[in-house]
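These notes concern the structure reproduced below.
Residue numbers (the working numbering), protein chains in the order written: chain A, 22 to 362; chain B, 590 to 905.
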């Protein structure tokens, strides 16, 4: 067991010793022994509490009858289709940004995960106030984690953005960020706020599974004459010619090339990934034709959640930042999803 | 008692007997893993735990409406208990973090009032609306810079320029982020570049974003600015801090710390011995150091706490 029981589990244990699994863990875990020791000496008695009557604002979930931009939902704990399924998932609040397309018998929507954990907000989050939604509580919108989900992945409808909330989110999506509405700067890749997000990142990964499966299966290209989403694969290749010396050096030098996962009529896109000293991940477009509208890139990586870029226009010979200040190396990128704005 | 029972109780009565009993146990058990300085009174006893329970319910679970969301999104009673524990931990840490931010805002106000280099040009001196500018600025104009512009100006001075002493994952959270000379340098630069007077509230918001401070509500900021003296954060003894950190880090971290000590600081060897990747070992170590840094008074104490913590892992 690597995940330790909670302090309240140890309180249960102290009051009811008939919990053999906990006893076994306790015999081996120095940290939990300390918890139990502190509980024995400091928290033996119940806290005297009386006359507390707290109701607070209600949250009344409704059946999903329609899905529209600005609506807020709680995701379903399970999903089952011919191409993907999961069950027993913790639920997440999501904000619907836009309707995307209808593929594989499902209506798909771009959504932004939301959390009540405003204390752990980071610079890529947008903070909305209680007055910004009809569910009347402050929320943290994880703009970097935008994903596409099926309507069937939405469990209950909670409410919607108010007029002011809608303006805030629209401005943020357009790149006009009000710094007072974002979280404080990160203190490095081990910032405790990032650690606190690991659980929701796991849920987000599962929620993005059905859409990823649809893309991998090439169903999107089949469904649409002109794709709104393209997928780039990333491969590391050794430099030749001018880079032979580097390639032969002790620190063998690979470059990472992103190319279209599937040939798409009329579209040419490829580029080279690199990082800079500020830990930004860039793409240098060598080819860019066919797609001339602004787009965003969703960068998928081996470990951790996908990251969505700012909107950009791919121009041959030009560089674009895909991921800002996250110390993400090209070799860690498993694929790049490009979405037309 | 099942999660559905608790949901039903909440829908009918808000926080009824069963929910309250659960919340009480979360507070009683979780608070025991934190040093007494995390209580409002500097000691954990029935009264301070009852206060923490009331505050947590009033500000977060009911006041901010977190409880119905946690109830709705939990998949099981276990995950509900885990989410409540996380919520209470954040409540405790945030409450202490606010003291730290409050200290800096209060020092800022005292610096502005006490130095000949600054002058008040409008508003009441001890309010967040008070407007301050450089004494050398003959104009009484108010700065037209946006909050974003002010933050950009604030970033023009690097941490080295300002001698920031609290930055990075191992930063010492309870120590002052800016020494007095750094604070004056910062205020001179900010007000000198603002092209007009700036309110104390704007200065505080700029500092929050520049130095990663806890956010304070208007009322709290007002209280902080109005106080005569900054309230010093209570010091935590090294032994108590080591014990508290040990109670919070869990089995994997203790395994990594032990392995690292036995390997004489060799990360590769320690990772192999602990059965984790080197990256994971570094992450666990970083998490432990962050916890220590959150409450250590200075680097010497942080080192002492780390030593005590590691030594305690070898005691039978």
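Ideal Cβ positions, reconstructed from N, Cα and C, are used throughout, including at glycine.
This structure is a prediction, so every number in the text was calculated from the model and none was measured.
**Message:** Just to confirm, is the Cβ distance from residue 317 of chain A to residue 307 of chain A under 8 angstroms?
**Reply:** no
**Message:** For the region 671-684 of chain B, list every residue whose C-beta sits within 9 angstroms of some C-beta in chain A, in sequence order.
**Reply:** 671, 672, 673, 674, 675, 676, 679, 680, 682 and 683
**Request:** State yes or no: is the beta carbon of residue 66 of chain A nearer than 8 angstroms to at least one beta carbon in chain B?
**Result:** yes
**Message:** Against chain A, does residue 624 of chain B count as a neighbour if the rule is that its beta carbon must be under 8 angstroms from one of theirs?
**Reply:** no
**Asked** Would a check of beta-carbon distances place residue 631 of chain B closer than 8 angstroms to chain A?
**Response** no
**Item:** Extent of the continuous alpha helix (DSSP H) to which residue 728 of chain B belongs
**Value:** Careful: residue 728 of chain B lies outside any alpha helix (DSSP H) and carries neither H nor E.
**Prompt:** Along the region 118-134 of chain A, what residues have a CB closer than 7 angstroms to any CB found in chain B?
**Reply:** none
**Message:** Using 8 angstroms for Cβ pairs, my map puts residue 149 of chain A next to residue 186 of chain A. What's the rounded Cβ distance?
**Reply:** 5 angstroms
**Request:** Would you mind telling me which residues of chain B sit closer than 9 angstroms to residue 112 of chain A, beta carbon to beta carbon, in chain order?
**Result:** 661, 662, 663 and 664
**Item:** C-alpha distance - residue 224 of chain A paired with residue 753 of chain B, whole-angstrom precision
**Value:** 37 angstroms
**Closest Cα partner of residue 641 of chain B within the set B/683, B/659 and B/772** = B/683
**Message:** On the DSSP letters alone, give me the boundaries of the beta strand (DSSP E) that residue 160 of chain A sits inside.
**Reply:** 160-163
**Whole-angstrom C-beta distance between residue 661 of chain B and residue 95 of chain A, which should lie under 8 angstroms** = 6 angstroms
**Prompt:** Closest by CA to residue 666 of chain B, which one among A/358, A/27, A/137 and A/226?
**Reply:** A/27
**Message:** Residues in the same chain with beta-carbon distance under 8 angstroms from residue 231 of chain A, minus the five sequence neighbours each way, listed in chain order, please.
**Reply:** 100, 102, 104, 105, 127, 170, 171 and 174
**Request:** Answer with yes or no whether the minimum CB distance from residue 221 of chain A to chain B is below 8 angstroms.
**Result:** no
**Message:** Can you pull the chain B neighbours of residue 178 of chain A, defined as C-beta to C-beta under 9 angstroms?
**Reply:** By Cβ distance, chain B contributes nothing, its closest Cβ being about 12 angstroms from residue 178 of chain A, past 9 angstroms.
**Request:** List the DSSP bridge partners of residue 627 of chain B.
**Result:** Paired residues: none, contrary to the question.
**Request:** Enumerate in chain order the residues of its own chain whose CB-to-CB distance from residue 856 of chain B is below 8 angstroms, with the five nearest sequence positions on each side excluded.
**Result:** 849, 867, 870 and 871
**Request:** Leaving out five residues on either side along the sequence, give the residues of the same chain with a beta carbon under 6 angstroms from the beta carbon of residue 221 of chain A.
**Result:** none
**Message:** Do residue 136 of chain A and residue 183 of chain A have their beta-carbon atoms positioned less than 8 angstroms apart in this structure?
**Reply:** no
**Asked** Using a C-beta cutoff of 8 angstroms, does residue 884 of chain B count as contacting chain A?
**Response** no
**Asked** Expressed to the nearest angstrom, what Euclidean distance is found between the alpha-carbon atoms of residue 42 of chain A and residue 590 of chain B?
**Response** 21 angstroms
**Item:** Within chain B, partners of residue 56 of chain A - CB distance below 9 angstroms
**Value:** 618, 621, 622, 835, 836 and 837
**Item:** Beta-carbon proximity list for residue 214 of chain A, same chain, < 6 angstroms, skipping 5 on both sides
**Value:** 141 and 143
**Prompt:** Roughly how many angstroms separate the alpha carbons of residue 699 of chain B and residue 257 of chain A, rounded to a whole number?
**Reply:** 57 angstroms
**Request:** Kindly indicate the opening and closing residues of the alpha helix (DSSP H) around residue 321 of chain A.
**Result:** Where residue 321 of chain A is concerned, there is no enclosing alpha helix (DSSP H), although the beta strand (DSSP E) it sits in stretches over 316-322.
**Asked** Is the distance from the Cβ of residue 55 of chain A to the Cβ of residue 835 of chain B below 8 angstroms?
**Response** yes
**Under the three-state DSSP convention, the category residue 645 of chain B falls into** = helix
**Asked** If we call anything under 8 angstroms between Cβ atoms a contact, is residue 293 of chain A one with residue 305 of chain A?
**Response** yes
**Item:** First and last residue of the uninterrupted alpha helix (DSSP H) at residue 616 of chain B
**Value:** 606-620
**Asked** Just curious, the alpha helix (DSSP H) that residue 873 of chain B is in, first and last residue?
**Response** 867-884
**Burial state of residue 733 of chain B (16 or more Cβ within 10 Å)** = exposed
**Message:** I want to verify the contact list: residues of chain B whose CB lies under 7 angstroms from the CB of residue 140 of chain A, in sequence order.
**Reply:** 679 and 683
**Asked** Quick one: which chain A residues come within Cβ less than 7 angstroms of residue 615 of chain B?
**Response** 29
**Request:** Could you list which residues in chain B have their beta carbon closer than 9 angstroms to that of residue 91 of chain A, in chain order?
**Result:** Those do not exist, as residue 91 of chain A stays about 19 angstroms from chain B at its closest Cβ, beyond 9 angstroms.
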